[in-house]
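Taking it in order: structure first as structure tokens, then the write-up.
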Amino acid sequence: MVAAVLQVRELRADYGPVRALAAVSVDVPQGAVTAVLGGNGAGKSTLLRAISGTMRFHGGAVTAGSITFGEQRLTGRTPAQIVAAGVVQVPEGRQVFARMTVADNLRAGLLGAAGGRGAAQKSLARVHELFPVLADRAHQRAGLLSGGEQQMLAMGRALMARPKLLLLDEPSLGLAPMMAARIADTIREINAQGTSVLLVEQNAALALRLASTACVLETGTVAVAGDAAELAASDEVRRRYLGVA
Ligand code: ATP
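Position one of the sequence shown corresponds to residue 1 (the numbering used here), numbered consecutively onward.
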């Protein structure tokens, strides 16, 4: 059993009167890809927001439970402190700065990251190697990129901070199958370079191919969790989440 780099325990999160998560416990193993599956409104984005400390930007809050990253407790920390600890989120819908250039979007990813200029240049070189299009388009406005390229930019921006754990919210959403497959390859590559990944996906088939462990959220609780290959083989998961009759 691989040690968990992130431990979520009995987590509860609310948006005012709306309970989005109730007693959610998840382990994210060190060095692996972990998938979080579930239908609309199941609480997947909320889980990522709780981890990245961004609940209050959405009018919500973590109201019970704990999140621990290595030895550090993340619950109660600011988003900047969580980035500095090595946990960086790529939000749903990319959220690139459309009027800024690609290069400036990437530079924005350095805010709050540790390390000096040398480290920043190394990060940029790594991002350009993973996504050559971001070097080609460095001086274009981000808003002119295609959806897939914007997803690459959002991932590149997150990688500038050299995360130990990357949180990805629906990276394949709205992308053509070929582009989704390219993004999947890149997630595999990022993981192979040593970054743990927590991946939220509606596309369960894609997520289960990438992940070694997975959990399924249903109305704010964990319905099933375990080995991704076993989940992919389970009749119930196939019927309910993979659309197999
Ligand atoms: P989706 O794939 O549709 O984004 P999800 O699994 O990510 O779904 P969440 O977005 O985490 O689900 O939503 C969980 C619950 O919290 C839902 O009932 C949703 O309506 C509610 N919720 C989410 N964001 C907010 C918000 N900003 N204000 C109020 N309620 C919210």
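Every residue gets a Cβ at the ideal spot worked out from N, C-alpha and C, and that includes glycine.
Per DSSP, VAL127 is one residue of the alpha helix (DSSP H) stretching across 117-130. In the DSSP assignment, PRO29 falls within the beta strand (DSSP E) that extends over 18-29.
Excluding sequence positions up to five before and after VAL5, its CB lies within less than 8 Å of the CB of VAL28, PRO29, GLN30, GLY31, PHE69, GLY70, LYS164, LEU165 and SER196, all in the same chain and listed in chain order. For SER52, the enclosing alpha helix (DSSP H) has its first and last residue at 44-52.
Taken from the Cβ of SER234, every heavy atom of ligand 1 lies 8 Å or farther away.
GLU236: member of the alpha helix (DSSP H) spanning 235-241, first to last residue.
ALA42 has its CB nearer than 8 Å to a heavy atom of ligand 1. Scanning its chain for C-beta atoms nearer than 7 Å, with the 5 sequence neighbours on each side dropped, one finds around MET152 the residues PHE131, VAL133 and LEU134, in chain order. When the five nearest sequence neighbours on each side are left out, the beta carbons in the same chain lying within less than 8 Å of the beta carbon of MET100 are those of ALA108, ARG141 and ALA142, in order along the chain. Judged by the Cβ position, GLN202 qualifies as a neighbour of ligand 1 at the 8 Å threshold, a heavy atom of the ligand being closer than this. In this structure, ALA42 places its C-beta atom within 9 Å of the C-beta atom of LEU217.
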